[in-house]
Amino acid sequence: MSNSGKTLPGPRGLPLLGNILDLGEASHVSLSQLAQKYGDVYQIRIGSRPVVVLNGMETIKQALVKQSVDFAGRPDFMSSQSMKEINGGSMTFSDYSPAWKVHRKIAETALRHFTSGQQSQSVQDKVLFEVQELINTWTNNNVGSTVVDPSIVLKLSVSNIMCSYIFSRRHKLDDPRLTEFSAMSDDFGAAASSGNTLDFMPWLKYLPTKTMQNFRRLLLNFKDWFGGYINQHNEAYQEDSEKDILDYLITVGNKMETEELKQLNLTREILQTTVYDLFGAGFDTVSAVLTWAVLLMILHPDIQRDIQEEIDEVIGTDRSPQLSDRGKLPLTEACLHEVLRYSSVVPFTIPHSTTRDTQLNGYQIPKDTVIFVNLHSINQDPKLWTEPQEFNPRRFLAADGRLDPEKTASVLPFGAGRRRCLGSELGRIEMFLYFTSLLQKCTLEIPNGERPSTACVPGLAQRPLPFQMRIKFREK
31 MSNSGKTLPG PRGLPLLGNI LDLGEASHVS LSQLAQKYGD VYQIRIGSRP VVVLNGMETI
91 KQALVKQSVD FAGRPDFMSS QSMKEINGGS MTFSDYSPAW KVHRKIAETA LRHFTSGQQS
151 QSVQDKVLFE VQELINTWTN NNVGSTVVDP SIVLKLSVSN IMCSYIFSRR HKLDDPRLTE
211 FSAMSDDFGA AASSGNTLDF MPWLKYLPTK TMQNFRRLLL NFKDWFGGYI NQHNEAYQED
271 SEKDILDYLI TVGNKMETEE LKQLNLTREI LQTTVYDLFG AGFDTVSAVL TWAVLLMILH
331 PDIQRDIQEE IDEVIGTDRS PQLSDRGKLP LTEACLHEVL RYSSVVPFTI PHSTTRDTQL
391 NGYQIPKDTV IFVNLHSINQ DPKLWTEPQE FNPRRFLAAD GRLDPEKTAS VLPFGAGRRR
451 CLGSELGRIE MFLYFTSLLQ KCTLEIPNGE RPSTACVPGL AQRPLPFQMR IKFREK
């Protein structure tokens with residue numbers, strides 16, 4: 031290709047450190063501010079490694095959708111190498127290749143087979159059951175009110191749904207295995223998010239720190255946690271009677287010809303570890319969004335009341351919400367979109383890399399360049415949103431009161447293009463049913479007048495700081 035592209039702009043960095051000090055605690059905010067100075071495509075350095083940062087809807091869609099192959103790679107990070115060494119590799123973190131395309135197609139088919147079409151009713155039933163269990167846990171089965179920290183139990187509840195799809199198992203919400211997984215996922219999110227220092231400054235491994243040791247130990251713990259379920263399934267497996275996603279993956283692994291497996295380096299064991307990716311796709315972002323949703327409802331009781339009025343009018347109190355209600359609850363749906371936008375729950379996609387020399391917006395970008403996709407820059411773009419710093423669900427409604435499709439398409443919490451999150455549609459279904467069911471049955475309030483913060487805990491999906499809320503049953 032031509033080398034006539036413009037040189038990338040960007041701030042100068044320090045020797046060895048690069049621009050790491052410029053990132054601050056909220057790197058998505060810092061990088062959005064740099065875009066105001068350098069434009070939607072610019073370069074920073076983390077350590078000695080160049081990183082191209084993409085900002086703004088037009089630029090991000092151009093890269094991830096229109097030039098999707100060019101930007102479909104994953105960086106050769108030390109953390110990714112450890113995943114491959116210990117767990118055989120993660121589809122989510124693996125580089126773009128023929129094997130990755132086959133692996134992705136298998137995973138998509140497995141998820142779709144058990145969560146869409148004729149299985150939609152089963153998905154709905156599972157979610158509604160978990161919502162009721164969640165409410166019972168929060169209220170101790172008592173009519174009245176109680177004060178809870180919603181974040182931990184929401185994570186456990188949503189992870190139970192994934193256990194059901196993938197393993198045909200559910201746990202009590204106080205089961206130590208579930209709480210163990212929740213804690214591990216927090217640690218993994220912190221280690222694998224954009225800007226993991228060891229991935230950019232590998233010379234740090236020679237210093238007396240335990241960062242990489244701890245990460246490898248975490249991967250081994252994940253392998254043990256999932257391995258128990260995988261071993262049980264292999265022992266109990268019966269051909270042509272798949273009851274869940276893991277059974278389906280075992281069947282696919284058994285039916286693929288040995289030569290095909292060798293050519294693609296997709297072993298039976300690697301296919302079974304797809305459950306790691308599927309679990310992550312349907313758990314982390316959804317539970318984080320729901321935590322933001324309940325926080326924003328207690329901070330905006332007027333909006334909560336308006337949504338409850340819409341739910342009461344359309345659904346009433348005698349039946350549970352159904353997926354068929356989605357199109358009839360525009361304010362409820364608008365609120366979920368605004369939660370996604372306002373919170374920037376996924377501020378960055380997982381880092382991409384370029385698969386070949388390319389150009390974007392006239393700038394030359396070499397092969398194997400690390401790419402940060404700053405989704406937060408879209409969510410706070412004043413060209414897209416009036417008063418973007420304000421929480422206002424009605425911004426997603428057209429003049430006729432219906433959802434505005436142009437606005438809803440301007441929020442990309444699940445990414446876009448070839449690397450779009452596997453569990454995006456399942457996630458939206460879960461968010462809708464949880465949120466609608468909670469507000470149908472309960473009113474959420476600030477306890478003791480102590481207004482919680484909207485500050486974030488960073489990770490692959492960022493969450494609010496721990497907070498308390500009062501949950502009260504609504505009278506029928």
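Those letters in the sequence shown? Residues 31 to 506, by the working numbering. The beta-carbon is built from N, C-alpha and C at its ideal position, and this holds for glycine as well. None of these values were measured; they are calculated from a predicted model.
Buried/exposed call for residue i, threshold 16 Cβ in 10 Å
i: LEU495; result: exposed
i: GLY48; result: buried
i: LEU44; result: exposed
i: LYS185; result: buried
i: LEU51; result: exposed
i: THR416; result: exposed
i: GLU480; result: exposed
i: ARG46; result: The question names Arg, but residue 46 is Leu in the sequence shown. It is exposed - the Cβ of LEU46 has fewer than 16 other Cβ atoms within 10 Å.
i: ALA93; result: buried
i: PRO238; result: Note on PRO238: pLDDT 48, under 50, position unreliable in the model; no value is reported.
i: ALA429; result: exposed
i: GLN334; result: buried
i: LYS156; result: buried
Terminal residues of the beta strand (DSSP E) in which residue i lies
i: GLU269; result: From DSSP, GLU269 is part of no beta strand (DSSP E); its letter is neither H nor E.
i: VAL83; result: 79-84
i: ILE395; result: 393-395
i: SER175; result: 175-178
i: ILE401; result: 400-403
Whole-angstrom distance between residue j and residue i, CA atom to CA atom
i: GLU475; j: ILE116; result: 45 Å
i: ARG450; j: PHE309; result: 15 Å
i: HIS58; j: GLN151; result: 38 Å
i: PRO477; j: LEU427; result: 31 Å
i: PRO220; j: ASP348; result: Position check: residue 220 holds Ala in this sequence, whereas Pro was assumed. Cα-Cα distance, rounded: 42 Å.
i: THR167; j: PHE107; result: 41 Å
i: PHE256; j: TYR306; result: 8 Å
i: ARG432; j: ILE459; result: 19 Å
i: PHE245; j: SER109; result: 8 Å
i: THR362; j: GLU265; result: 45 Å
i: LYS67; j: LEU414; result: 18 Å
i: GLU340; j: LEU456; result: 24 Å
i: VAL375; j: PRO39; result: 28 Å
i: THR169; j: GLY258; result: 33 Å
i: MET192; j: LEU329; result: 30 Å
Per DSSP, the bridge partner or partners of residue i
i: THR473; result: LYS502
i: GLN389; result: GLN394
i: VAL487; result: ARG493
i: LYS202; result: Beta-bridge pairing links LYS202 to no other residue.
i: GLY119; result: DSSP lists no partner for GLY119.
i: LEU427; result: LEU433
i: GLY48; result: LEU44, ILE76
i: LYS96; result: LYS96 pairs with nothing; no bridge assigned.
i: SER407; result: Answer is none; SER407 lacks a bridge partner.
i: SER383; result: GLY103, VAL400
i: LYS67; result: In DSSP, LYS67 forms no bridge with anything.
i: LYS114; result: None, per the DSSP bridge assignment.
N-terminal and C-terminal residue of the alpha helix (DSSP H) that residue i is part of
i: THR416; result: Premise fails: THR416 is in no alpha helix (DSSP H) and is neither H nor E.
i: TYR72; result: Taken as a continuous stretch (DSSP letters only), TYR72 belongs to no alpha helix (DSSP H), being part of the beta strand (DSSP E) at 71-76.
i: LEU442; result: No alpha helix (DSSP H) contains LEU442, which DSSP labels as neither H nor E.
i: LYS156; result: 150-169
i: CYS365; result: 360-373
i: ALA318; result: 304-329
i: ALA129; result: 128-145
i: ASP355; result: No alpha helix (DSSP H) contains ASP355, which DSSP labels as neither H nor E.
inquiry  = Under 8 Å: do the stretch 75-84 and the stretch 347-367 share three or more Cβ pairs, one atom per stretch?
reply    = no
query = Do the stretch 375-392 and the stretch 95-104 make contact, defined as three or more Cβ pairs closer than 8 Å?
reply = yes
inquiry  = So, does the stretch 295-304 touch the stretch 419-438, judging by three or more C-beta pairs under 8 Å?
reply    = no
inquiry  = For the pair the stretch 400-412 and the stretch 65-84, tell me if three or more CB-CB distances fall below 8 Å.
reply    = yes
query = Using 8 Å as the threshold, is the stretch 269-288 in touch with the stretch 452-470, meaning 3 or more CB pairs across them?
reply = no
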